[in-house]
Amino acid sequence: MSDALLSIRSIDKHFGAYHALRDVSLDVAHGEFVALLGPSGCGKTTLLRCIAGFLSPDSGTIRIGGEDVTRLPPHRRPLNTVFQHYALFPHMSILDNVAYGPRRHGVARGEALERAREALELVGLDSAAGRFPRELSGGQQQRVALARAFVNRPKLLLLDEPLSALDLKLRKRMQIELKHLQEKLGIAFVFVTHDQEEAMSMANRIVVMNRGVIEQVGDGRTIYTSPASRFVADFIGEANLLPGTAEGDAGVRLGVGAALLPHLGADARQRYTAVLRPEHVELLDQPEAPGLITDQGFVEDVIDTGGQTVVTVRVGEHLLASRRLGMAGKGLNPGAPVFVGFRPGHVHLIAEPAPHRSGP
Amino acid sequence: MIARLLLRVVSWSVMAYLILPLLVIVGSSFTATSYLAFPPQGLTLDWYGRMLADTSYLAAFGTSTLLALVATAAALLLGVPAALAIARCEFPGKRFLLSLLMSPLVLPHVVLGAALLQYCAALGLMRSFTALLVGHIVIVMPFVLRSVLPQLTPEQRALEEASADLGARPMETFFLVTLPQIRSGLASGAIFAFISSWINVELSIFNTTAEMTTIPVKLFNYVQYTIDPVIAAVSSITIGVAALAIVILDLTVGLHLLSDRR
Amino acid sequence: MNRALPLLAAPVAFFVAFFAVPMIVVVSSSLMAGGVPSLGNYARVLLDQYHWDVLAATFRIAGLTTAACALLGYPLAYYLVRVVKSRALRRTCVILLVLPLFTSNIVRSFGWMVLLGRNGLVNDALVGAGILDRPMRFLGTELGIVIGLVYILLPFIVLAVGNALAAVDPALEDASSDLGATPFDTFRTVTFPLCLPGLMSGIVMVFTLAVSAYVTPALLSGGKITVFPMLIFQQYSTVFDVNYGGALSMTLLVMTLVLVGLAGWIGNAGADAKGRAAR
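If you're matching them up, the sequences are chains A, B and C in order. Residue 224 in the working numbering sits at position 218 of the first sequence, and the numbers go up by one each step. Residue 849 in the working numbering sits at position 206 of the second sequence, and the numbers go up by one each step. Residue 131 in the working numbering sits at position 2 of the third sequence, and the numbers go up by one each step.
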């Protein structure tokens with residue numbers, strides 16, 4: 007992809023003996039909103055810092071707009087960053103903070119201040135121009151950090167968990183604002199987060215990382231419905247993970263359900279992890295239902311959060327969570343027998359890379 | 644209750660013990676008698692007049708001041724880059740290097756003074772201002788490191804990264820972001836450095852001469868032979884300088900010692 | 130990110146030229162006698178009972194000074210940080226504490242020369258109060274030197290302990306009394322252990338400074354007591370025997386570093402034991 011804005015080719019990074027990034031490759035197109043998602047320590051921030059130039063990868067290349075920037079210091083890279091704790095200069099006014107970038111690029115003071123004012127206007131903070139960072143609330147500081155980063159008109163903006171320090175309500179509002187701003191500016195965003203909901207609601211594409219490796223790249227829907235690995239299935243949303251074994255052409259036998267899951271083309275004895283989302287597990291009052299694979303179990307636990315209810319059912323040796331809208335838990339007490347069922351089409355199979363032990 | 648009363652008595656006695664000698668010196672510098680008397684008998688500024696009339700005192704004050712100023716400036720110019728490199732880089736032997744740079748704080752100054760006397764004699768610099776100066780730079784630089792290093796925090800690092808990210812060259816980042824952020828550390832480091840140089844005897848005494856001497860060394864040599872109110876007057880001046888330095892420190896940086904965590 | 134590494138060039142070069150090399154010169158000349166390599170200087174230092182007596186006096190004075198500083202400084206630090214409520218009073222006390230630190234040893238010792246003299250204020254007060262029949266001799270005794278050194282070094286302990294105390298979260302003490310501990314128990318089991326590192330660093334600092342002090346003992350000894358740094362000074366300033374003086378310097382240096390290292394080791398071992406107990 008030569009027309010990609012950002013092109014990362016097989017970069018590796020070690021910190022001493024710790025392997026932080028392993029053979030990571032990624033392309034980001036112009037105007038795209040990409041989220042780097044993963045648990046802490048997965049390498050997402052390391053990758054971001056490599057792109058920004060604060061870290062230099064051990065091997066591999068990073069190109070921006072076709073130019074190799076792998077060995078370029080941060081101040082010479084055509085991108086800007088919104089830092090996790092904003093990193094606003096405490097000794098400068100808000101206006102001076104935002105004008106800092108243009109000034110460093112040789113823009114005359116008057117012109118730089120004008121641009122800074124425009125940028126502040128865009129985030130709705132032009133009235134705070136003369137104040138100092140410590141006088142602003144967290145949400146306002148966040149907006150200033152944003153204005154300061156895009157005032158330089160970079161092609162690429164990196165955001166390092168920019169919303170993590172905000173409270174829940176403000177975070178939700180900022181997610182929407184950020185998305186609108188990104189569309190308005192047309193700048194490509196690479197957004198680091200450990201919050202899958204945030205990634206899902208904002209990004210065009212999500213890059214799921216784990217232990218320094220990219221596990222899957224795709225839009226939110228694909229990642230949710232067709233996770234490429236057990237890790238992705240478990241990390242994104244709630245998931246019932248069941249073991250499955252192919253029985254020739256007949257289908258796959260799951261840990262739950264009397265019937266086989268129809269699955270063509272599987273090797274005999276191939277092992278799978280079956281992913282079944284809780285919202286796809288139905289609670290039945292009779293043992294059979296058309297089109298469903300069913301089984302019998304006992305209620306283990308009922309959690310009612312008002313809008314929805316999660317019922318955990320023990321089926322044999324497995325626990326199966328079922329999420330229902332409304333107060334579906336009524337009359338279900340722990341220990342009560344219950345029937346569960348799910349549609350074969352809702353089961354996503356992930357082939358295990360290698361058998362745990364050789365069969366007889 | 645008794646424990647509390649005891650604590651109070653001990654504490655105020657210790658405070659009195661700390662202040663008394665300075666009070667005695669300042670007080671007896673005003674005595675009208677020709678020997679040191681405390682409480683002063685009569686009141687006169689005569690001894691200050693005599694001190695001013697003796698140009699050797701003024702010369703010593705001049706040498707001390709120049710020495711302390713140049714040593715402080717040099718310690719800043721060497722210490723700040725060293726602190727930056729130590730805070731920002733990982734390299735083998737870093738802990739050893741830091742211990743080496745800080746060791747003049749615990750090393751007997753007499754030993755260091757003797758070493759510099761011998762070394763500078765070999766270089767042909769014996770008992771010169773240069774010999775004095777290099778020694779003072781060595782002993783005051785730890786104060787700069789000690790007060791600047793704690794300010795080079797990860798948060799401070801993030802500000803520098805933000806600056807670079809916005810397109811500032813390393814020197815611009817240093818002057819526009821780093822320096823304004825560490826200025827309180829610089830100020831307190833500089834004041835501690837200045838005062839440590841200003842009051843030093845153990846190191847200076849090896850490389851001073853009758854003509855080129857610092858105020859503490861001159862006092863030291865004088866006190867061993869005679870004690871008269873002129874000495875008290877000279878000492879009072881140095882106490883005044885110390886008080887001035889503390890007030891400046893308190894007003895500019897704030898003496899945050901013993902205060903609650905900020 | 131080692132782009133800042135070249136910044137070390139000038140300071141390190143300076144320290145090598147004017148600190149490391151001079152110290153090496155002292156070490157190497159201490160190992161020379163009559164132009165040939167020899168351990169003779171060290172033999173001269175270590176086989177002479179006189180040097181051991183001086184060392185013993187030096188370390189005795191330093192030990193007493195350190196003990197007195199800790200015993201007097203700890204209560205004062207506690208009082209200033211935990212009892213004094215008025216910010217203005219605490220600030221004044223801190224300034225009065227730092228003022229002696231910013232004043233030359235000479236000036237401060239000189240104050241004691243006046244106070245401790247035969248007709249000084251201290252003797253006047255003691256005789257006047259009927260504690261003594263006739264004036265006592267302070268100058269030229271180890272007691273006089275200890276009084277002067279304690280005075281000079283006390284602020285170091287107060288500041289070290291005080292800053293450690295100020296950093297102890299009062300909530301921990303509240304938690305302790307909430308759990309039923311008496312104030313003394315709280316102090317013994319919570320407050321004291323938490324500011325022990327501060328006390329230890331203060332003690333190490335005071336001890337090293339007391340061992341290497343030259344000015345105060347010189348002024349308050351009246352020529353009657355010799356401490357180790359005086360021996361070094363004599364060799365370099367009057368005798369100018371750099372070989373023998375070097376051996377004396379190294380002896381003092383090694384003794385000091387060994388004791389500092391020992392104190393640090395004990396402190397670390399204590400902290401480790403505490404850390405293990407906490408786990």
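Note that CB positions come from ideal geometry on N, CA and C, so glycine has one too. A quick note: this is a predicted structure, and the numbers were derived from the prediction, not measured.
Per-residue burial, R149/A [other beta carbons within 10 Å of its own, 16 or more giving buried]: buried
Through-space distance from K185/A to T315/A, alpha-carbon basis: 31 Å
Backbone secondary structure at Q188/A - three-state DSSP: helix
Contacts of A133/C in chain B (Cβ-Cβ under 7 Å): L727, A728, R731 and C732
Per-residue contacts from P849/B into chain C (C-beta, under 9 Å): Strictly speaking, residue 849/B in this sequence is Phe, with Pro absent from that position. Within chain C, the residues near F849/B are F362, Y365 and S366.
Whole-angstrom distance between L712/B and A142/C, CA atom to CA atom: 21 Å
Start-to-end residues for the alpha helix (DSSP H) that takes in F239/C: N234 to L245
Secondary structure of V317/A, DSSP reduced to three states: strand
Terminal residues of the beta strand (DSSP E) in which A820/B lies: It is Val, not Ala, that sits at residue 820/B in the sequence shown. Run containing V820/B: none; DSSP gives neither H nor E here.
Residue-chain proximity (L175/C, chain B), Cβ-Cβ < 8 Å: no
Inter-stretch contact at 8 Å, needing at least 3 Cβ pairs: the region 648-666 of chain B / the region 317-327 of chain C: no
Contact the region 29-44 of chain A vs the region 202-210 of chain A: 3+ CB pairs below 8 Å: yes
Pick from E804/B, I662/B, A836/B and T687/B that is closest to T80/A, judged by C-alpha positions: For the record, residue 80/A in the displayed sequence is Pro; it is not Thr. Among E804/B, I662/B, A836/B and T687/B, the Cα nearest to that of P80/A is on E804/B.
Beta-carbon proximity list for I354/C, same chain, < 8 Å, skipping 5 on both sides: A186, G269, T270, E271, I274 and P346
T857/B burial status per 10 Å Cβ neighbour count (16 or more: buried): buried
Where the region 88-100 of chain A meets chain B: residues whose CB sits under 7 Å from a CB there: F89, H91, A93, F95 and H97
Neighbour-count burial assignment, M180/A, 16 or more Cβ in a 10 Å radius: buried
Members of the region 177-198 of chain A that neighbour chain B once the beta carbon cut-off is set at 9 Å: none
Pairwise C-alpha distance: Q188/A and L165/A: 12 Å
Per DSSP, the bridge partner or partners of R329/A: V316/A
Per-residue contacts from R154/A into chain B (C-beta, under 9 Å): A805 and L809
Member of R110/A, P96/A and I14/A whose CA lies at the smallest distance from the CA of T67/A: I14/A
Under 7 Å from the C-beta of I235/C: neighbouring residues of chain B: V844, P859, L862, F863 and V866
Beta-carbon proximity list for N864/B, same chain, < 7 Å, skipping 5 on both sides: none
Alpha carbon of V344/C to alpha carbon of C56/A, nearest angstrom: 57 Å
Three-state secondary structure (DSSP) of Y24/A: strand
Counterpart residues of R69/A in DSSP-defined beta bridges: S13/A and D74/A
Closer than 8 Å to chain A by CB, L802/B: yes
Selection of the region 236-256 of chain A by Cβ proximity to chain B, strictly under 7 Å: none
Inter-stretch contact at 8 Å, needing at least 3 Cβ pairs: the region 751-766 of chain B / the region 824-834 of chain B: no
Beta-carbon gap between L846/B and L755/B smaller than 8 Å: yes
Cα-Cα separation, G169/C to S366/C: 21 Å
Helix, strand or coil at F138/A according to DSSP, with G and I counted as helix: coil
Burial state of W394/C (16 or more Cβ within 10 Å): exposed
L101/A, buried or exposed, once every other Cβ within 10 Å from all chains shown has been counted against 16: buried
Residues near F237/A in its chain [Cβ-Cβ closer than 6 Å; skip 5 each side]: N216 and E221
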